[in-house]
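Read in order, the letters of the sequence shown correspond to residues 100 to 380 in my numbering.
From the three backbone atoms N, C-alpha and C, an ideal C-beta is built for every residue, glycine too.
Nothing here was measured: the structure is a model prediction, and the numbers come from that model.
The block underneath contains the structure these notes are about, expressed in structure tokens.
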Amino acid sequence: MDRNPDRTDHHGHDHDENIDSGPATGPGFAAQIIAVLWLLTGALVLALLVSGRISTYIRTFWQPLTLTVGLLVTALAISVLWLGARQEKRGGGGRATVSPIAWLVFVPFLLVVIGAPSPLGAAMLDNTASGTERDAALAGNGGRVDTARGGVTFEPLSDTEINELNLDDLHNRYSYGDLADLGGKRIKVLGFISHGGAASFDDSGRESSADGQKVMVNRYKIFCCAADAVAYSATLAGGTDLPDDTWVEVVGTVDTDASTSHLVLAPESITETNEPRIPYL
100 MDRNPDRTDH HGHDHDENID SGPATGPGFA AQIIAVLWLL TGALVLALLV
150 SGRISTYIRT FWQPLTLTVG LLVTALAISV LWLGARQEKR GGGGRATVSP
200 IAWLVFVPFL LVVIGAPSPL GAAMLDNTAS GTERDAALAG NGGRVDTARG
250 GVTFEPLSDT EINELNLDDL HNRYSYGDLA DLGGKRIKVL GFISHGGAAS
300 FDDSGRESSA DGQKVMVNRY KIFCCAADAV AYSATLAGGT DLPDDTWVEV
350 VGTVDTDAST SHLVLAPESI TETNEPRIPY L
């Protein structure tokens with residue numbers, strides 16, 4: 100005889116109602132909005148890497164790290180959205196107000212999509228001194244340049260072949276090497292054209308505006324990103340009619356008698372060419 104008539108009732112009622120009795124946990128609406136913005140930003144970074152356009156902004160050295168960060172940001176954003184979708188499905192999703200500050204996350208994405216900048220060019224030279232001229236300015240009366248020359252040994256240049264040099268390498272040879280090693284050597288450099296621009300210094304190291312219409316071949320060198328770019332420039336004797344920001348290959352010789360403070364090339368040919376895939380040194 101069953102002395103506990105309530106036992107059957109106790110085991111017979113439904114326990115399912117207590118399975119989800121607690122509130123669902125997961126990212127709220129505000130977090131999901133921010134995740135969408137981060138997803139777009141991560142996707143943009145990855146697209147820039149795949150297309151090669153990332154070289155417009157940062158040095159090649161940093162691209163593997165940028166790829167890692169882009170993948171992590173994208174993965175985290177997707178995980179937040181996935182958790183949010185699960186929460187919505189279980190009926191626990193809420194609708195929260197998104198802080199106006201949170202929308203600032205979207206600013207980098209909009210800046211690149213709407214106004215994607217080109218590589219640094221002639222316009223920036225108005226506020227940038229070239230490497231050679233900056234050394235002359237720091238020298239004051241040409242002292243540093245005179246004492247520095249001949250103090251560094253460089254690999255000899257060919258007397259018969261055209262020597263392909265980057266503008267920063269040519270600048271270093273001009274500023275710190277023996278000028279006699281450059282005399283008469285045929286040199287090829289790659290860079291973009293500018294008319295005027297760049298701070299100009301005379302042979303005494305004082306800033307000069309007398310040659311504001313000079314034509315120069317230039318190229319920027321970056322150490323981290325475009326924000327720390329340094330311009331290396333050489334004046335082209337005789338000039339050229341090519342417009343600013345035209346990429347050219349210049350073959351010529353260094354005119355060591357033209358100036359003691361800044362690099363002057365006497366070109367034998369100036370050939371228009373395409374912008375290199377990596378525009379910076």
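Report task. Mind checking which residues open and close the beta strand (DSSP E) that includes Leu-289? Result -> Taking the first residue of the sequence shown as 1, we reach residue 289 at position 190. Here the beta strand (DSSP E) through Leu-289 covers 286-294.
**Report entry** Close Cβ partners of Ala-333 (< 6 Å) along its chain, the five nearest in sequence each way excluded
**Finding:** Numbered from 1 along the sequence shown, position 234 holds the residue referred to as residue 333. These residues qualify, in order along the chain: Val-316, Leu-362, Leu-364.
Report task. Report buried or exposed for Ser-293, applying the criterion of at least 16 other Cβ atoms within 10 angstroms of its Cβ. Result -> By 1-based counting over the sequence shown, the position of residue 293 is 194. Result: buried.
Report task. Can you give me the Cβ contacts of Gln-131 inside the same chain, cut-off strictly under 8 Å, excluding the 5 residues immediately before and after it? Result -> Residue mapping note: residue 131 aligns to position 32 of the sequence shown, counting from 1. Val-179, Leu-180, Gly-183, listed in sequence order.
**Report entry** Contacts around Leu-266, its chain only, beta-carbon distance under 6 Å, and the 5 residues preceding and following it disregarded
**Finding:** Position 167 of the sequence shown holds residue 266. The beta carbon of Leu-266 sits closer than 6 Å to those of Val-288, Gly-290, Arg-318, Tyr-331, all from its chain and outside the five residues before and after it, given in chain order.
Requested in this report: Just mark Ile-377 as buried or exposed, buried being the case when its beta carbon has 16 or more other beta carbons within 10 Å.
Outcome: As a working note, residue 377 is residue 278 in the sequence shown. Exposure of Ile-377 is indicated by the presence of fewer than 16 other C-beta atoms within 10 angstroms of its C-beta.
Requested in this report: In the DSSP assignment, find the beta strand (DSSP E) that holds Arg-272 and state where it starts and stops.
Outcome: Residue mapping note: residue 272 aligns to position 173 of the sequence shown, counting from 1. No beta strand (DSSP E) holds Arg-272; the alpha helix (DSSP H) holding it covers 266-275.
Requested in this report: Leaving out five residues on either side along the sequence, give the residues of the same chain with a beta carbon under 6 Å from the beta carbon of Ile-157.
Outcome: Translated into the one-based positions of the sequence shown, residue 157 becomes position 58. Annotation for Ile-157: Cys-324 place their beta carbon closer than 6 Å to its own, counting only its chain and skipping 5 residues before and after.
Query - Nearest to Ala-221 (by Cα), restricted to the options Asp-354, Ser-358, Leu-341, Val-353 - result: Indexing the sequence shown from 1 puts residue 221 at position 122. Nearest option by C-alpha distance: Leu-341.
Query raised in the report: Can you check whether the CB of Thr-355 is closer than 8 Å to the CB of Gly-295?
Result: Locating residue 295 in the sequence shown gives position 196, where the first residue counts as 1. Locating residue 355 in the sequence shown gives position 256, where the first residue counts as 1. No.
Query - Backbone secondary structure at Thr-252 - three-state DSSP - result: By 1-based counting over the sequence shown, the position of residue 252 is 153. Shown here, Thr-252 sits in coil according to DSSP, grouped into three states, outside any helix or strand.
Query - Straight-line Cα distance separating Leu-139 from Leu-175 - result: The residue labelled residue 175 in the question sits at position 76 within the sequence shown. The residue labelled residue 139 in the question sits at position 40 within the sequence shown. Taken atom to atom, the span from the alpha-carbon of Leu-175 to that of Leu-139 is near 12 Å.
**Report entry** First and last residue of the uninterrupted beta strand (DSSP E) at Ser-368
**Finding:** On the sequence shown, position 269 is the one that residue 368 refers to. Segment 363-371, the beta strand (DSSP E) holding Ser-368.
**Report entry** Residue environment, Gly-151, which counts as buried when at least 16 other CB atoms sit within 10 Å
**Finding:** Here the question's residue 151 lines up with position 52 in the sequence shown. Around the C-beta of Gly-151, fewer than 16 other C-beta atoms lie within 10 Å, and the residue is accordingly described as exposed.
Report task. Using 10 angstroms around the beta-carbon of Ala-134, count the other beta-carbons present and answer buried if the total reaches 16, otherwise exposed. Result -> As a position in the sequence shown, residue 134 is number 35, starting the count at 1. The residue in question, Ala-134, is buried, as its Cβ has 16 or more Cβ neighbours within 10 Å.
**Report entry** Secondary structure of Ile-177, DSSP reduced to three states
**Finding:** Here residue 177 refers to the residue found at position 78 when the sequence shown is read from its first residue. Looking at Ile-177 - three-state DSSP - the assignment turns out to be helix.
Query - Pro-375 burial status per 10 Å Cβ neighbour count (16 or more: buried) - result: Within the sequence shown, residue 375 is the residue found at index 276, counting from 1. If you draw a 10 Å sphere on the C-beta of Pro-375, you find fewer than 16 other C-beta atoms in it, and that means exposed.
Requested in this report: Taking the CB atoms as reference points, tell me whether Val-314 and Gly-338 lie closer together than 8 Å.
Outcome: Walking along the sequence shown from the start, residue 314 turns up at place 215. Walking along the sequence shown from the start, residue 338 turns up at place 239. Result yes, Cβ atoms of Val-314 and Gly-338 sit closer than 8 Å.
Query raised in the report: Does the separation of the CB atoms of Ile-321 and Val-347 fall below 8 Å?
Result: In the sequence shown, residue 321 corresponds to position 222, counting from 1. In the sequence shown, residue 347 corresponds to position 248, counting from 1. In this structure, Val-347 does not lie closer than 8 Å to Ile-321 by Cβ.
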